[in-house]
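Protein chains in written order, with this note's numbering: chain A, 857 to 1082; chain B, 857 to 1082.
Cβ coordinates follow ideal geometry from the N, Cα and C atoms, glycine included.
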DNA sequence: GACGAACACGAACGATTGCTCGTACTTTGA
DNA sequence: TCAAAGTACGAGCAATCGTTCGTGTTCGTC
């Protein structure tokens, strides 16, 4: 007889089980990257993971719970990614160079993790994905706020939030255009995106390099690096 | 016995039939607006139209053909909409005023035709909707190119195209943010969008009002007004 | 008024999908 | 060593959805 509900707390996962969960999440990522979330069948995910459909439900209560777990993984991964790429020194660079790095990093991350992009972009027309993308956006927005704050220490919370959100929304909107462009054209579209963000952000966070304002302790505590 | 395949050419539609087709399209629009395209059931559309599921297939071969027809309707509707709102005189206004009208018109159209927005925004993560949104974007892009050309007659085709596409992509990206904002905040986000487009487009198409360049005949033939 | 075509109905088919269930093997811990 | 819990299987259930089909009604035309 089955002992306990799988998603419930109080299930003492064995080593083998934890490995399986990871395999399933990896499979889900791959399938989602190929077919999109709505078309990613639970059976397809199970097959991709080399596992029977039933086993899938030993670890996740339903399909949505897989999405949730994946979003959590991506949130952490994205946080680490941006933390290493957007440190205090980088933030103080001339704005165009900073944007260059950000936009370039986005492209890299997108190529490396296609499923991330699917969830990150998850359109507002799909209720299920809307929450996932919101969560992923929030993670990036938090980092952007910190970067902006490094450049302009006095910026009020509300303004920071708006700047970050609008910047992300812009990039989210333009990026499909970037990815659908071929060869040379892609660079040109990327340049437009950078130019747009530059002229939008410049007047607020400054175009040039920013001098170290204070030798005081860091404004935000460093997160644990993994 | 059933006479002919319904979607096929050579079906002599009666008055009643043409009315039914319109009712079905209206129903599809309403259902899509409420649930999104993927979740818009053919049965739900039929029920909404006050028609049996079978009758639906008297007029459309399958669900995708309904989408196609709807896209076509929207393309025409959108063309008329922007043609009346973005005429030659409007195009020569100071840029910030022009943008004000464009962005405001978008919001109006979105409120009036929620389903249009669903298809227009159709994310690149859904293969089916991608084509639909591309088609709708193309329609708006054509009008934007004309507007830009009115302001800067010498602008090369390629540049025009890029400007139009990037502008639309930006608006597409930021608009969900606009619509999710409440009350006062919405105006603030809209202002950001306008500011961004202003600083992006200004250097190319000019910030101020544009004087009538030539009293020559209109550069594009006026479309038939309905 | 009669014939064919268009219109209309709605039960039900076939395919798909998320998920369950009965069963059996493996690991853990006492 | 042995029972309880964890892991694994895969056939198949239940529900949904797009679509078909047999039948009956209305309309256009002569």
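| Query | Result |
| --- | --- |
| DSSP state of residue 867/A mapped onto helix, strand, coil | coil |
| Assigned exposure category for residue 908/A - 16 Cβ within 10 Å defines buried | exposed |
| Distance, residue 922/A Cα to residue 1055/B Cα | 42 Å |
| Beta-carbon neighbours of residue 962/A, restricted to chain B and to distances below 9 Å | Going along chain B, no residue has its Cβ under 9 Å from residue 962/A, so there is no contact; the nearest lies around 13 Å. |
| Amino acids of chain A, ordered along the chain, whose beta-carbon sits closer than 8 Å to that of residue 951/B | What residue 951/B touches in chain A: nothing, since even the nearest Cβ is about 13 Å away. |
| Inter-residue spacing [alpha-carbon to alpha-carbon] between residue 898/B and residue 920/A | 25 Å |
| Below-8 Å beta-carbon distance, residue 873/A vs any chain B residue | no |
| Residue 969/B at chain A interface by Cβ criterion, 8 Å | no |
| Cβ of residue 1044/B within 8 Å of any chain A Cβ | yes |
| Sequence-distant residues of its chain with Cβ nearer than 7 Å to residue 877/A (five each side left out) | 915 |
| Residue-chain proximity (residue 944/A, chain B), Cβ-Cβ < 8 Å | no |
| Limits of the unbroken alpha helix (DSSP H) element including residue 1026/A | 1013-1036 |
| Contact with chain A by residue 1052/B, beta-carbon distance below 8 Å | yes |
| Inter-residue Cα distance where the pair is residue 895/B and residue 973/B | 16 Å |
| Any C-beta of chain A under 8 Å from that of residue 934/B | no |
| Residue 1033/A at chain B interface by Cβ criterion, 8 Å | yes |
| Residue environment, residue 1009/A, which counts as buried when at least 16 other CB atoms sit within 10 Å | exposed |
| Reference residue 1053/A; option with closest CA among 951/A, 906/A, 903/A | 951/A |
| Cα-Cα separation, residue 1018/A to residue 1045/B | 7 Å |
| Within-8 Å CB hit, residue 972/A to chain B | no |
| Option nearest residue 1061/A by Cα separation, candidates 1028/A, 927/A, 1047/A, 1001/A | 1001/A |
| Residue 1003/A to residue 942/B span [Cα, whole Å] | 39 Å |
| Neighbouring residues, chain B, relative to residue 1030/A (Cβ below 7 Å) | 1022, 1025, 1026, 1029 |
| Chain-order list of residues whose beta-carbon lies under 7 Å from that of residue 924/B (same chain, five-residue window excluded) | none |
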